[in-house]
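Residues in the sequence shown are numbered from 1282 upward in steps of one, following our numbering. Ideal placement from N, C-alpha and C gives every residue a C-beta, glycine not left out. Below is one structure; the comments refer to it alone.
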Amino acid sequence: MPLDSVKNIFIVLSGKGGVGKSTVSTQLALALKDKGFKVGLLDIDLCGPSVPYLLQLENKEIHQCPEGWVPVYADTERKLAVMSIGFLLPNRNNAVVWRGPKKTAMIRQFLNDVFWQELDYLIIDTPPGTSDEHITVMENLKTIKCNGAIVVTTPQAVAIEDVRKELTFCQKTGIKILGIVENMSGFVCPHCTECTNVFSTGGGELLAEKANVPFLGRIPLDPRLGQCSERGESCLITLKDSPASQAIDSVICKLTQQVP
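Structure representation (structure tokens):
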């Protein structure tokens, strides 16, 4: 199988939409690439694929080879490979109006027919919730060495409640939870770098403590992080020494410590 040559697989989950899950997935992939690893980023959000936009890869085409689909590479060194249904759509305004079986078939194809070659890390960006897409991924990864799930939340109580369901989903499907990331944890002023807790703070850490899973860190709401994400840039390079960059670097360190 194509995934046999992938050393580590991280699934990024969230029970709530709009928590910045795709931004976290993209920045983690870029940060790992900048640290010298070969990385793959698989976007299985079929109805809202945002990874091609975030990495400035829109209008790129997928090609076939004898081994399967060839992913799109985000850099000339070919250290960051990307696959998304966004590459199969004529333009970003096209909607994917599919029922469950067709979604399931497409995700199975993404998991089984992409020629990733040798990868140190594969990050799978999922849609919010616990629907067909998630079940299909879990079923197909049962025979593959999957490290576990990174669960993204924001500090608000409503997001925390939805993420509780995601933790239960992971437990029922037998996937290890690598940890919780609290995104948009305070607003960092781009001028004075003072952090203001717009949406409160500490909810993700409290949830991790109650669920007895690792807390990976807080990523603040920084306008510059959104800007560099939309340009396909790693905050570790563009926003070096910023609170957001330090937070993502800390998350990477905690994740790689869990890797055999």
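- DSSP places K1384 inside the alpha helix (DSSP H), whose first and last residues are G1381 to D1394.
- For D1406, the enclosing beta strand (DSSP E) covers residues L1400 to D1406.
- DSSP places F1450 in the helix class (H, G or I) of the three-state scheme.
- For R1505, the enclosing alpha helix (DSSP H) begins and ends at P1504 to E1511.
- In the displayed model, L1322 falls within a strand according to three-state DSSP.
- Counting C-beta pairs closer than 8 Å gives fewer than three between the region 1285-1301 and the region 1513-1528, which falls short of the contact rule.
- Residue pairing from DSSP leaves N1428 without any beta-bridge partner.
- Within a 10 Å sphere around the beta-carbon of H1472 sit fewer than 16 other beta-carbons, which makes this residue exposed.
- Annotation: H1415 is outside any beta strand (DSSP E); the continuous alpha helix (DSSP H) that includes it extends over D1413 to N1421.
- Between the alpha carbons of V1433 and P1382 lies a distance of about 27 Å.
- The C-alpha of V1469 lies about 4 Å from the C-alpha of C1476.
- Boundaries of the beta strand (DSSP E) around Q1345: H1344 to C1346.
- Two segments are said to touch when three or more pairs of C-beta atoms, one from each, lie closer than 8 Å; by this definition the region 1392-1410 touches the region 1316-1328.
- Taking C-beta atoms as the reference points, G1321 and A1355 fail to come closer than 8 Å.
- The beta carbon of F1450 sits closer than 6 Å to the beta carbons of T1411 from its chain, once the five residues preceding and following it are set aside; these are given in chain order.
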